[in-house]
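Numbering (the numbering used here), first residue to last: 12 to 162.
Idealized CB from N, CA, C, for every residue including glycine.
Take a look at the structure below.
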Amino acid sequence: MERTTERRTCSTVMRKPAGTQTRVSSVLNRDGKNYGKKNMFDCDEETCWNSDQGECQWVSLEFPGPVRVSEVKVQFQGGFSAKTCRLEGGLKNGDFTELDQFYPEDNNALQSFPIQEATTVNKVKIFFENSVDFFGRIIVYSLDVLGEKAS
């Protein structure tokens, strides 16, 4: 998958649609106020989601309706990124299936990963595998799953 890096500008980034439900695998010290999932979507460069330690961390999004995902943008903290990311998706009451894999660089840049085949889904789950951190922690400053409503 082709990767690009860019600087994040909040005025041009689509935020999480209203009604989208988000879950994460863990939060550092269970401190949702300072390190919770909402921080990935607030357009604040000072806040982040910081996972607790563990082998495989993940973020899931359930959209209010069907969508076709075309791109994932993620900004890690260098030293706390994943070597491999696996994107899975599914319909509302269906099972998850793998949609794509991508391989971020270990840096602080906003990285963009186009999805090769836009599939209609109601939910996605991004697995952050093989953390560069010895303890398996992941730090994400921003996450954008881009696409369009599907009929």
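A distance of 8 Å or more separates the beta carbons of S153 and Q88. Here V80 has L98, G100, L110, I126, A129, T130, V132, V135, V156, L157 and G158 as same chain residues with Cβ atoms under 8 Å from its own Cβ, once five neighbours each way along the sequence are excluded. Short of 6 Å from the beta carbon of R148, and not among the five residues preceding or following it, lie these beta carbons of its own chain, in chain order: S62, Q64 and F91. Contact annotation: T31 and E73 have beta-carbon atoms nearer than 8 Å. Per DSSP, E128 has no beta bridge partner at all. Between the C-alpha atoms of F145 and V78 there is a straight-line separation of about 36 Å. Minimum Cα-Cα distance from E82 among the listed residues Y46, K94, L121 and C54 corresponds to L121.
If you compare the alpha carbons of P28, D53, L102 and E66 with that of F138, the shortest gap goes to E66. Across the set N141, K44 and P75, the C-alpha of P75 shows the shortest separation from the C-alpha of N104. Collapsing the DSSP output to three states places F107 in coil. Secondary structure of N141 (DSSP, three-state): strand. By the CB criterion at 8 Å, S123 and W69 fall outside the cutoff.
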